[in-house]
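Asks: This is the structure I have questions about; it appears just below.
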């Protein structure tokens with residue numbers, strides 16, 4: 465099983481980025497897909513999550529600016545990030561829980577926001 469995340473980069477404050485994470489090698493349905501963020505010196509935190517029923521949840525700090533979505537046919541999760549702020553910077557990791565209870569992580573993609 466491999467989760468391949470991409471879409472990170474350098475953006476100015478107020479700009480937008482779209483992250484995507486595609487899973488390969490998973491044969492069971494994916495119940496939960498999420499994006500976590502880890503800033504330097506801080507713990508990894510959940511930014512956004514979406515379950516198979518497409519119910520979403522967001523960290524308070526990103527509500528109204530970030531949108532998570534999923535494509536079950538492609539085993540892919542997306543994170544549209546708008547109005548980015550310097551405090552949004554960090555390494556973003558995708559996370560997936562499959563029906564069997566196994567959990568998988570992507571390799572992380574760096575997001576840098578310049579002020």
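In this note's numbering, the protein residues as written are 465 to 579.
Just so it is clear, CB atoms sit at the ideal spot from N, CA and C, and this is done for glycine as well.
(1) Candidates 569, 485, 469: which alpha carbon is nearest residue 535's?
(2) Decide if residue 519 is buried, meaning its Cβ has at least 16 other Cβ atoms within 10 Å, or exposed.
(3) At the level of alpha carbons, what is the spacing between residue 561 and residue 501?
(4) Could you round the C-beta distance between residue 530 and residue 512 to whole angstroms and report it? I think they count as a contact, below 8 Å.
(5) Grouping DSSP H, G and I as helix and E and B as strand, with all else coil, what is residue 521?
Replies: A quick look at the data gives this:
(1) 485
(2) It is exposed - the Cβ of residue 519 has fewer than 16 other Cβ atoms within 10 Å.
(3) Distance between the alpha carbons of residue 561 and residue 501 is about 17 Å.
(4) 6 Å
(5) DSSP, reduced to helix, strand and coil, places residue 521 within a strand of the structure shown.
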